[in-house]
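Scroll down for the structure; my scribbles are underneath it.
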Amino acid sequence: MIYFKQPINSALSLIVTLLSIAGLFALLGGSFLFLVQIIIYAGAVVTLFLFIIMFLNIKEESLPHEPYKARWILLMSLLISPFTLFLISAVNNIKFASLHLKDFGSIKAVGMELYTNWVLPFEMISILLLIALVGVVILAKRETNRD
Amino acid sequence: MIDVGHFFILGILLFSIGIVGMISRRNIFVMYMSVELMLNAINLILVALSHHYEDLNAQVMAIMIIAIAAAEASIFLALFVMLFKNARSLDANFFTLLKQEKHHDEL
């Protein structure tokens, strides 16, 4: 996903990654998160992303010229890998239970949790979405005034 | 046998791939998609924790993260459209408006 030159290839592989993660959510018993991941992430966010990429009509000359891309990615992977291996070895020391497929994480249980213990963060999320909406409208409006 | 630890390892690997993509690429679209990948890795770890402790609080946190990512995506895309209209480029090295100038004549 991080290696493609064209952003549209990256976006399509990001959709594949998100759908795989949705399947893992279903395997872990998060049926509501499985639906939310498919509908909101793969269905709305990345589709909006693809729409913007196609809307901008990106030509070859507006893409950044990255001749040493593979070398940069290799170097950064070498730099990040000690951190990753440390975290993996830390996780390996913990004894985890194996997967148990029982009735857990149903939509009703998640909804009860969301509307009893998490009401205040839920409302704050709605205010945040409103602020994002206003901010996007202001940005788009300023752009049309300049033209 | 697959246990919850393997989901942790996958989440850590996805997060590292996101960091590598964020640092080493200059295309702003790919940088933003790396951020999305990191958010998804954190979501995967949260859901694995929720499965491990059989507690639904982590799943609700993951829902909050998805909502925040949706808000973030809209603002990012509006900014990208503005930047592309102004500069006709997707290169992150091009957007250096906040960089300090070399000469300080007015100071």
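Sequence lines, in order, name chains A and B.
Under the numbering used here, the first residue of the first sequence is numbered 231, with each subsequent residue one higher.
Under the numbering used here, the first residue of the second sequence is numbered 1127, with each subsequent residue one higher.
Every residue, glycine too, gets a C-beta built ideally from N, C-alpha and C.
> My guess is that B/ILE1191 and B/LEU1165 are in contact by the Cβ rule of under 8 Å, so how many angstroms apart are they, rounded?
Replying inline: 6 Å
>> Pairs of beta-carbons, one from the region 1132 to 1147 of chain B and one from the region 273 to 292 of chain A, closer than 8 Å: are there three or more?
In response: no
> chain B partners of A/SER292, CB-CB under 7 Å?
Replying inline: ARG1214, SER1215 and LEU1216
>> I'd like the list of long-range same chain contacts for A/LEU350, defined as Cβ closer than 7 Å, with 5 residues on each side in sequence excluded.
In response: none
> Whose Cβ in chain B lies nearer than 7 Å to the Cβ of A/ALA370?
Replying inline: ALA1204
>> For a test of the three-state rule: what should DSSP assign to A/SER328, helix, strand or coil?
In response: strand
>> Any beta carbon from chain B within less than 8 Å of A/GLY259's own beta carbon?
In response: yes
> Among residues of its own chain, excluding the 5 on either side of B/ASP1231, which ones have a beta-carbon nearer than 6 Å to its beta-carbon?
Replying inline: Low confidence applies to B/ASP1231: its pLDDT is 49, below 50, so where it sits in the model is not reliable, and the reading given next is rough at best. Cβ within range, chain order: n/a, list empty.
> In chain order, what residues of the same chain have a beta carbon less than 6 Å from the beta carbon of A/PHE334, not counting five sequence neighbours either side?
Replying inline: GLY259
>> For a contact defined as C-beta to C-beta under 8 Å, what are the partners of B/VAL1161 on chain A?
In response: Within chain A, no residue comes near B/VAL1161; the closest Cβ sits about 11 Å away, beyond 8 Å.
> In chain A, which residues lie less than 9 Å from B/ILE1128 when you measure between Cβ atoms?
Replying inline: LEU257, SER328 and LEU329
>> Report the CB separation of A/ILE232 from B/ARG1214 in whole angstroms; it is logged as a contact under 8 Å.
In response: Not confirmed; about 24 Å, so no contact.
> Hey, how far is the Cα of B/LEU1233 from the Cα of A/ALA320?
Replying inline: Confidence in B/LEU1233 is poor, its pLDDT being 43 and thus under 50, which makes the residue's placement unreliable; the coordinate value appears in the next sentence. Roughly 52 Å separates the two Cα atoms.
>> Output needed in chain order: residues of the region 1164 to 1179 of chain B with a Cβ under 8 Å from some Cβ in chain A.
In response: ASN1166, ASN1169, LEU1170, VAL1173, ALA1174, SER1176, HIS1177 and HIS1178
> Under 8 Å between the Cβ atoms of A/SER240 and B/MET1159?
Replying inline: yes
>> For the structure I just gave you, are there three or more beta carbon pairs, one from the region 1177 to 1187 of chain B and one from the region 264 to 275 of chain A, closer than 8 Å?
In response: no
> If B/PHE1210 sits next to A/LEU286, beta carbons under 8 Å apart, how far is it from one beta carbon to the other, in whole angstroms?
Replying inline: 5 Å
> Do we get a CB-CB distance below 8 Å when we pair A/GLU296 with the residues of chain B?
Replying inline: yes
> What are the boundary residues of the alpha helix (DSSP H) that includes A/PHE313?
Replying inline: 299 to 322
> Which residues mark the beginning and the end of the alpha helix (DSSP H) in which B/GLN1185 is found?
Replying inline: 1183 to 1213
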